[in-house]
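Here is the structure we will look at.
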Amino acid sequence: MNGVLMSDETEKGLKSPLRRQLLMGMAAIPALAMMPRPSFGAGPATSAVNTTGLAVTDSEVTVGILHSVTGTMAISETGSVQAEKLAIEQINAAGGVLGRKIKYIQEDGASDWPTFAEKAKKLLVNDKCAAVMGCWTSASRKAVLPVFEQYNGMLYYPTFYEGLEQSKNVIYTGQEATQQIIAGLDWVNKTKGAKTFYLLGSDYIWPRTSNKIARKHIEGHLQGCKVVGEEYFPLGHTQFNSVINKIKLTKPDVIYAIIVGGSNVAFYKQLKAAGIDMSKQTLLTISVTEDEIDGIGGENIAGAYACMKYFQSLDNANNKAFVSAFKKMWGEKTVIGDVTQAAYLGPWLWKLTVEKAGSFDIDKVAAASPGIEFKGAPEGYVRIHENHHLWSKTRVGRAKADGQYELIYETADLVEPDPFPKGYQ
Amino acid sequence: MINSRFFNRSELIGFVSLLLLLVVILPLALDVFRLNLVAKYLTYAFVAIGLVLCWGYGGILSLGQGVFFGLGGYCMAMFLKLEASSVENTKIQSTPGIPDFMDWNQLTQLPFFWKPFASFPFALAAIILVPAIFSFIIGAAMFKRRVGGVYFAIITQAIAAIMTILIVGQQGYTGGINGITDLRTLHGWDIRTDHAKYILYFVEVFFLFAAILVAQFIRLTKLGRILVAMREQEDRVRFSGYSVANFKIFAFCAAAVFAAVGGALFTLEVGFMSPSFVGIVPSIEMVIYTAVGGRLSIFGAVYGSLLVNFAKTSLSETFPQLWLFGLGALFIAVVLAFPNGLAGIWGDYVQPRIDKLLASRTKKSGNGGLVANGAPAE
Chain A
4 MNGVLMSDET EKGLKSPLRR QLLMGMAAIP ALAMMPRPSF GAGPATSAVN TTGLAVTDSE
64 VTVGILHSVT GTMAISETGS VQAEKLAIEQ INAAGGVLGR KIKYIQEDGA SDWPTFAEKA
124 KKLLVNDKCA AVMGCWTSAS RKAVLPVFEQ YNGMLYYPTF YEGLEQSKNV IYTGQEATQQ
184 IIAGLDWVNK TKGAKTFYLL GSDYIWPRTS NKIARKHIEG HLQGCKVVGE EYFPLGHTQF
244 NSVINKIKLT KPDVIYAIIV GGSNVAFYKQ LKAAGIDMSK QTLLTISVTE DEIDGIGGEN
304 IAGAYACMKY FQSLDNANNK AFVSAFKKMW GEKTVIGDVT QAAYLGPWLW KLTVEKAGSF
364 DIDKVAAASP GIEFKGAPEG YVRIHENHHL WSKTRVGRAK ADGQYELIYE TADLVEPDPF
424 PKGYQ
Chain B
26 MINSRFFNRS ELIGFVSLLL LLVVILPLAL DVFRLNLVAK YLTYAFVAIG LVLCWGYGGI
86 LSLGQGVFFG LGGYCMAMFL KLEASSVENT KIQSTPGIPD FMDWNQLTQL PFFWKPFASF
146 PFALAAIILV PAIFSFIIGA AMFKRRVGGV YFAIITQAIA AIMTILIVGQ QGYTGGINGI
206 TDLRTLHGWD IRTDHAKYIL YFVEVFFLFA AILVAQFIRL TKLGRILVAM REQEDRVRFS
266 GYSVANFKIF AFCAAAVFAA VGGALFTLEV GFMSPSFVGI VPSIEMVIYT AVGGRLSIFG
326 AVYGSLLVNF AKTSLSETFP QLWLFGLGAL FIAVVLAFPN GLAGIWGDYV QPRIDKLLAS
386 RTKKSGNGGL VANGAPAE
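Residue numbers (the numbering used here), protein chains in the order written: chain A, 4 to 428; chain B, 26 to 403.
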């Protein structure tokens, strides 16, 4: 039945004058290829690098950008969009991918999960994108995942997330939960002598799974340590006074906070107002990047520790070049958080993978991904693991009043990604 | 002719042209991706038709239709999820055979209220009965105490908010904010293929016309007239000896069931269900579809859902950064300039011209002079 429909379609297509013109136009492309051209189109023949009908021509390849630029998530996802556009521009300036210029089609997920699914499908089915950089929240990724698997697309997903997922069709450029959590807890236990932990989180899958891993690690792997409280708040919650009172009563060594989005502003302001001094009380968060500090206000969070893989203040040549290019493109005042950097890795990793595979075909790109190294990453060297997550370092930073983090600690080696951690589930 | 009684002439034209549009024109004109989008839009038309009865005719504004849309959708999603979570499909989990999100939340066995949803007949019955019973309880609690108007609207809105918080908070049982995702097959039949999308579209259109006929039937019975009377002069209806509360409960329950059917079809079309269709914002959007279509017109409700959602998709594809402003402008324009929505525009501007045209034709043929004079002359 399906086949019948399709052949009808082609027949109709050939009869339509517009399509015929298009076909004639396409027939002229080989002739064009013989003419000298400025920079693009010098790569291998399209028929060789694209056997599955992706949007690849002799001089261009189309990718999709799928983030929320409207709605509640826009404030978080804008940085990712900017980073991806910067990476694409830089790759094009350096000669493109397999001699082809990257053209992007941007779609708005509008902070709405079914919209993400709809747009993902559009990018894959209508636009035949060779890769899609996108999504931010777990919910949006879960909504698009079946679409990417069904239509065999390639998604580069930038956010640190809860793990428990692995797909042929996704490259996870952020940290999964164990990478972000375990090294940070070990550090705070060792250097601060922390024994008691109070776990806080927004009420959805990432904070809950992360705290579950944290609890298992604290109770099972750290000598004599315990969790003295664990609490969750609905997204957008702004009244933290009762939990702050409980914290004052239990006096934990560490407040472990995984509060996301706008709730952060209320949480840190109320902590400060309640007289909790971050120079005496250790607070470790895995959810506040430089982007969030912009909203919270540096003076309200100064002294808190964050554990992730990237800070804007990292002192290395890659990062300096990245930060200055980013500011040149998007303005002096923009800040760069962990996820923004991870989003920047997406197009680059894709380019390197395509060039190793010698093809844009999704299956070949997926197969070639493990082992891809990106030495130019602002966070330093990264490598793709067999499980499609990244080997990367874990770092701890201390928030300063100017809204930047100061690097306090980094792991000596790359931390292995382990999305299905044994003993932590 | 039976039709001439059930539908008047303009309604008959409306019915036939909608039938042509949905059954012939759209399936021929659109590829399967766009057709699936239309199918998604049409699931909201069920909610909008329910609101025409409940709000347009009964005067009961409910800002919580998302709750019933969600209940229907979740009932369907629970059945599909159980089918997708066979022991074979979930063998990487610590407890195979339960939905993936339960495994992430350390549940080791299926909660009792999930168990019956393994049966398809039970799930189908639940799609109708769960929202019907729930709306009956709300309706009885409110209308028997003569809570109405704005107060009722606010309470339904609160229920929508409570429902969202409940679903998000109980993520081990409901899938939380991610919802119930990755639904694959219905009785072994893959619902994600293009072929399935075509079939589902026509199944949905069939149900939509069934819903239109039921709504039209309710509208034309004595019940429908009492609803209108209640909207205009509630006290007089009460003094005439009718139990106003019971009629209101009926209208509210009917709207809830329409919404639930839409929700269940939505789950089939889109392949997942999440709390983002349950809360306050989607519930208000559903009222907007009805308002844009014209809250007194059943066909208007269908066109309103199609138009607003089509505008949403196409504006957001063309202007990723600005589209919400465009959508907002559309709503303001409709409310300010055309308070009766699309149906109002049709009735005020298009219909008279058609009538005039028809009338002048009959006049020419020499036997309709009176009719022509009787037609509204601007």
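Think of the CB as a built atom: it goes at the ideal place given N, C-alpha and C, for glycine as much as any other residue.
Legend entry - Assigned exposure category for residue 336(A) - 16 Cβ within 10 Å defines buried: exposed
Inset, instruction - Count the C-beta pairs between the segment 304-313 of chain B and the segment 223-236 of chain B that are closer than 8 Å, then say yes if the count reaches three, no if not. - result: They do not touch, by the three-pair rule.
Legend entry - Three-state secondary structure (DSSP) of residue 278(A): coil
Legend entry - As assigned by DSSP and simplified to three states, the class of residue 429(A): The structure shown does not extend to residue 429(A), since chain A spans only 4 to 428, so no value can be given for it.
Legend entry - Beta-carbon neighbours of residue 217(B), restricted to chain A and to distances below 8 Å: 149, 153
Inset, instruction - Just mark residue 31(A) as buried or exposed, buried being the case when its beta carbon has 16 or more other beta carbons within 10 Å. - result: Residue placement at residue 31(A) cannot be trusted, given a pLDDT of 46 that sits under 50; what the coordinates show is reported in the next sentence. Taking all protein chains shown into account, residue 31(A) has fewer than 16 neighbouring C-beta atoms within 10 Å of its C-beta and is therefore exposed.
Inset, instruction - Count the CB pairs spanning the segment 222-230 of chain A and the segment 204-221 of chain B that are closer than 8 Å, and state whether there are at least three. - result: no
Legend entry - Which listed residue (389(A), 324(A), 366(A), 194(A)) has its alpha carbon closest to that of residue 308(A): 194(A)
Inset, instruction - Please state if the CB of residue 89(B) and the CB of residue 181(B) are separated by a distance shorter than 8 Å. - result: yes
Legend entry - Within chain B, partners of residue 117(A) - CB distance below 9 Å: 65, 291, 295, 297, 299, 301, 302
Inset, instruction - Tell whether a beta-carbon distance below 8 Å holds between residue 262(A) and residue 203(A). - result: The answer is yes: Cβ separation under 8 Å.
Legend entry - Residues near residue 131(A) by beta carbon distance below 8 Å, same chain, minus five either side: Within the same chain, residue 131(A) has close Cβ partners 56, 57, 58, 65.
Legend entry - Proximal chain A residues relative to residue 58(B), where beta-carbon distance stays under 8 Å: Under the 8 Å cutoff, chain A gives 124, 125, 128, 129.
Inset, instruction - For residue 77(B), count neighbouring Cβ atoms within 10 angstroms of its own Cβ and tell me buried if that reaches 16, exposed if not. - result: Buried.
Inset, instruction - Please confirm if the segment 117-132 of chain B is in contact with the segment 184-199 of chain B, defined as three or more CB-CB distances below 8 Å between the two stretches. - result: yes
Legend entry - Partner residues on chain A for residue 95(B), Cβ-Cβ distance less than 7 Å: Those do not exist, as residue 95(B) stays about 13 Å from chain A at its closest Cβ, beyond 7 Å.
Legend entry - Counted within 10 angstroms of its Cβ, other Cβ atoms place residue 44(B) as buried (16 or more) or exposed: exposed
Legend entry - CB contact below 8 Å: residue 190(B) versus chain A: yes
Inset, instruction - Using three-state DSSP, classify residue 111(B) as helix, strand or coil. - result: coil
Legend entry - Positions along the segment 50-82 of chain A whose CB lies within less than 7 Å of some CB in chain B: 72, 73
Legend entry - Local Cβ density within 10 Å of residue 300(B), reported as buried at 16 or more and exposed below that: buried
Inset, instruction - Could you tell me whether any Cβ in chain B is nearer than 8 Å to the Cβ of residue 120(A)? - result: yes
Legend entry - Residue from 76(A), 62(A), 79(A) with nearest C-alpha to residue 106(A): For the set 76(A), 62(A), 79(A), the Cα lying nearest the Cα of residue 106(A) is the one of 62(A).
Inset, instruction - Confirm, please, whether the CB-CB distance from residue 208(A) to residue 203(B) is below 8 Å. - result: Yes, Cβ-Cβ distance for residue 203(B) and residue 208(A) is below 8 Å.
Legend entry - Contacts that residue 103(A) makes with chain D (C-beta to C-beta distance below 7 Å): Of the chains in the structure shown, none is chain D; the protein chains are A and B.
Inset, instruction - Alpha carbon to alpha carbon, how far is residue 133(A) from residue 43(A)? Give it in angstroms, no decimals. - result: Between residue 43(A) and residue 133(A), the alpha-carbon positions lie close to 17 Å from each other.
Inset, instruction - Pick helix, strand or coil for residue 157(A), following the three-state DSSP scheme. - result: coil
Legend entry - Proximity test, Cβ basis, 8 Å: residue 162(A) and chain B: Not one chain B Cβ lies under 8 Å of residue 162(A).
Legend entry - Rounded straight-line distance, which links the Cα of residue 175(B) to that of residue 34(B): 36 Å
Legend entry - Length-filtered (3 minimum) beta strand (DSSP E) runs lying within the segment 246-320 of chain A: With a minimum length of 3 residues, the continuous beta strand (DSSP E) runs that stay inside the segment 246-320 of chain A are 257-261, 285-288, 308-311.
Legend entry - Amino acids of chain B, ordered along the chain, whose beta-carbon sits closer than 9 Å to that of residue 289(A): Going along chain B, no residue has its Cβ under 9 Å from residue 289(A), so there is no contact; the nearest lies around 18 Å.
Legend entry - Burial state of residue 391(B) (16 or more Cβ within 10 Å): Its pLDDT being 48, under 50, residue 391(B) is placed unreliably in this model, and the value from its coordinates should be taken loosely. Its Cβ having fewer than 16 others within 10 Å, residue 391(B) is exposed.
Inset, instruction - With DSSP collapsed to three states, give me the class of residue 177(A). - result: Collapsing the DSSP output to three states places residue 177(A) in coil.
Inset, instruction - Using a Cβ-Cβ cut-off of less than 8 Å, give me the residues of the segment 177-206 of chain B that come near chain A, in sequence order. - result: Listed by position along the chain: 190, 193, 194, 196, 201, 202, 203, 204, 206.
Legend entry - Those runs of the beta strand (DSSP E) which lie wholly inside the segment 31-89 of chain B and span at least 3 residues: none
Legend entry - Opening and closing residue of the beta strand (DSSP E) in which residue 232(A) lies: 229-236
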